[in-house]
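The next block holds one structure in the form of structure tokens; read it before the comments.
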Amino acid sequence: MDKVLLVFLNELDNVKEFNNIIESFNNNNYYIYSFNNVKQDDSFMLDCLPDIINHYRLQHNEISNLAVLSNSKDLIFTWFRCYNSLANDFIYFIDSDEKNYINDKDPLFNFINKVSNFVNIENETIEGKLFVNLNFSNFKKVINTETVFKYFHLYESFENFTFSGKNRKKQQEKKYLYDGSEFYFLYDAKLEKQKIPLDIEKNKEIIINQEYINKLKDNYYIIPYLAVLAFKLRNDQLNALVVQIFLDLKKNKSISSSMYQKLLYYITYESRDLDEQLYIFSLLIIINDGTDDLSRVIIRIMGSSELTIDQFCNIIGNLQFYQSKDNIPVNDNYYVEMRALFNRLSKDMLEEIKLTKETPKIMQKENRLVFVVDQLLLIEHSPTKMIIDYVNNFIKFNQNYKIKIFIEDNLYCTNTTGIPYSYTSIKSVELAEEHRKYIESDAVEIIYPDLRRSKRENIQSFFNEIIEFGPKCVITTSKISLLSNMIYEYFPVIYLTFGGINLTRADINLTGDSTPWLELGKRTGLFDDNSVMIIHHGFSFDKEIKSKIKIPVDLIRNKFVMTTVGNRLESELPQNFIDLVVRFIERNTDSIWILVGTNKIQYIETVYPHLLSKNRIIFVEYENNLSKFYEKCDVYLNPPTPGRGFSIAMAMNKGVPIISFPNSGGTKYIGEKNLCSNDDQSYIDEIEKIYSLPEYKAMKSKKMQTRITKYFSMESAINALNMYMDIAKEKRIGAKNI
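If you want it as structure tokens, here you go:
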């Protein structure tokens, strides 16, 4: 059986791409027959396709695949519609400029315009797709808002064309009614008839629902172009649609991988402006493939653009969410380049400040301290509580001090760049009254950003106020603070980590585990033994929160309650760990596992939906009163991944036994002697013992409570801070004397 391609050309321009397509048919053993310059051929008529096809069918004993290709848009679109059943495939070759066969003086122009623009096409039978040589340079000649909302299902990218295995279509006679006339195609009394009116265009309302989104995903060729189109049009409805599609695509790795590679190429190897790169980058975050590609992309975008301070702050704020919520990995170069970017912007800001206001005389006062923080939220928010606890206890043990807390609101992202997939926290100032309730001394002042100002103006204002305040030291809990990176030029800076490696400059970086810092330092030169030091965080558990827990008590009554808490559980719970816990759950029908910090984990939803439906595994996106919640828990299951230190410490204070591998996060709180062996059976055995032996559970509970209160007190943490402040000051003095 033979395969035939009929080609109808009209003043071909893009010869190279056209030849590539023809070569692909040659390689698949098609007979190719060409009709050149059909517009100038007086013998050629729009309705001659049936005769031409019949002619070549007679020349071949049997044709299995017959394709028709043209660069005349109106011609191929009309044939695809009116002669749909005559050929297996129709292909529109988008040329450099749009070509059309019918001119606007032709009596048939208005009719052909209606037909080729697919007016009321939903009323007739169309089999197969119109294949198009789509790319990012030409797609707008076919794909527009009308295509997206009405006709996308009629097209397919030529890159998805199959050269064999075609089914013959059922032939039909079509009659179009327009302007008082009837137009017949394939007139034959024996054929099934279809009558399509064209005078009144029927605009069926498009409802953007899951069914519509599923239809878009089934026609996934359009998705990369839809993303670019949405950016170009700045249409809120399209933006929301695109984000929803990409969120749904996460479930289909084969399709999302193809989309990811296509759009990654689009912003990596072709020249795009900053806003477009960031727009597409944010969509790639949703379907990221787990590699460090995107960390390299954002470094290139930010490094090659003239970013305003406000743009930079919004991007860097969203990056923190992307890493924690969307599990975006970063490589060593990310830390190096981000440090360089912070330094470059700091230098520019400092030069501007010197130009606009004479820098006052720098004076360090021994009894003054500055904290620079990303945000302060509700007291139930662990980092907020930790900051306030540190400040209160610093004043308690250093009563002659004055402290100013500067809140940058780095995670309040105003999205001035129009990023469709973005995050933001709330404005800290909205909770100012709440913060004041928990600050125990008048010697502490909280300075909030003025939201009427730009980020740049707030940073400048904070900088000048810190200079005038003259602290002995600046302690920052923010790893993305442009302010602390600037103030490093004038005062000792200590980074007190609540999680994550610092992207900015500091004299001393305080962490509970120096290993990842020092390993990164060996590879990059960013850190060494003199800049990374150990601190054991102190905890204050004296203030109880009065709010109720979110979990209905009926769900946990008379149950063996296991829990894991964290804000990155999707990435922190390996599949084999989930399987391990599920084996215990399925053997013990009164056991449940409550996961706090997420509303979904795809692996659990896919593999264990029966446990979710029976409330044997429960997701809790956010728990206001963790302390109260832990009173209802029998055991905390710590997975073999980093993180969760504060939630573990809080659980220990409530006497919740912690089961942990040696390579899990938070082990410094738990203690080496209280860890399982590094194997699954040891872990399961420990759960079984706590489940079945009340005396053993009580003993473990007491151990946890005693250890956290004895070795991780606030007094010892404040003493350590005082010591490190002196070391940071001495480092500065030593550097000046060299």
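116 is the number of the first residue of the sequence shown in this note's numbering; add one for each residue after it. The beta carbon of each residue, even a glycine, is placed where N, CA and C say it ideally should be. Note that the coordinates shown come from a computational prediction; the quantities given were computed from them, not determined experimentally.
Query, Result
"Cβ pair SER439, ARG683 closer than 8 Å", "yes"
"Burial state of PRO586 (16 or more Cβ within 10 Å)", "buried"
"Buried/exposed call for GLN690, threshold 16 Cβ in 10 Å", "exposed"
"As assigned by DSSP and simplified to three states, the class of ASN478", "A quick correction: the sequence has Met, not Asn, at residue 478. Note: MET478 maps to coil in three-state DSSP."
"Residues bridged to ARG483 [DSSP beta-bridge criterion]", "LYS517"
"Candidates ILE400, ASP425, ASN624 and ASN525: closest to LEU362 by CA position", "ILE400"
"C-beta atoms of ILE241 and LEU269 nearer than 8 Å", "yes"
"Inter-residue Cα distance where the pair is ILE323 and ASP351", "13 Å"
"Cut-off 7 Å between Cβ atoms - residues of its own chain near LYS715, not counting five sequence neighbours on either side", "PHE734"
"DSSP-derived helix/strand/coil call for TYR145", "strand"
"Simplified DSSP assignment, three categories, for THR821", "helix"
"Length of the line joining the Cα atoms of TYR723 and ASN199", "46 Å"
"Inter-residue CB distance, GLU738 and LYS665 (contact presumed, cutoff 8 Å)", "6 Å"
"Beta strand (DSSP E) segment containing VAL247, residue limits", "245-247"
"Of the listed residues ILE382, ILE167, PRO755 and MET464, nearest to PHE776 (C-alpha basis)", "PRO755"
"In chain order, each alpha helix (DSSP H) run of at least 4 residues that lies wholly inside the region 541-622", "547-553, 570-584 and 597-602"
"Closest by C-alpha distance to ILE311, when choosing among THR782, PHE233, LYS255 and ILE424", "PHE233"
"Cβ shell of MET765 (< 8 Å), same chain only, five flanking positions each side left out", "SER497, PHE654, PHE656, LEU741, SER742 and TYR745"
"The ligand SAH heavy atom lying under 7 Å from the CB of GLU845", "Here there are no bound small molecules, and the ligand SAH is not part of this structure."
"Backbone CA spacing between LEU124 and ILE370 [nearest angstrom]", "34 Å"
"Exposure label - PRO564; buried when at least 16 CB within 10 Å", "buried"
"According to DSSP, residues forming a beta bridge with LEU102", "Nothing can be reported for residue 102: it is not among the residues displayed for the chain, which extend from 116 to 853."
"Proximal residues to ARG638 (C-beta, below 6 Å), its chain only, five neighbours per side dropped", "ASP447"
"Per-residue burial, HIS170 [other beta carbons within 10 Å of its own, 16 or more giving buried]", "exposed"
"Boundaries (first-last residue) of the alpha helix (DSSP H) holding ILE414", "408-418"
"Helix, strand or coil at ASN740 [DSSP, three-state]", "coil"
"Proximal residues to ASN560 (C-beta, below 6 Å), its chain only, five neighbours per side dropped", "With the sequence shown as reference, residue 560 is identified as Glu, and Asn is not the correct amino acid for it. The residues are LYS519."
"Spatially closest choice to ALA455 from ASP489, LEU618 and TYR437, by CA coordinates", "LEU618"
"Own chain, CB closer than 8 Å to ASN403, minus 5 neighbours either side, in chain order", "TYR375, LEU409, ASP441, ASN442 and ILE443"
"Sub-8 Å separation of TYR293 and LYS214 beta-carbons", "no"
"Per-residue burial, LYS594 [other beta carbons within 10 Å of its own, 16 or more giving buried]", "buried"
"Coil, strand or helix - VAL722 by DSSP", "helix"
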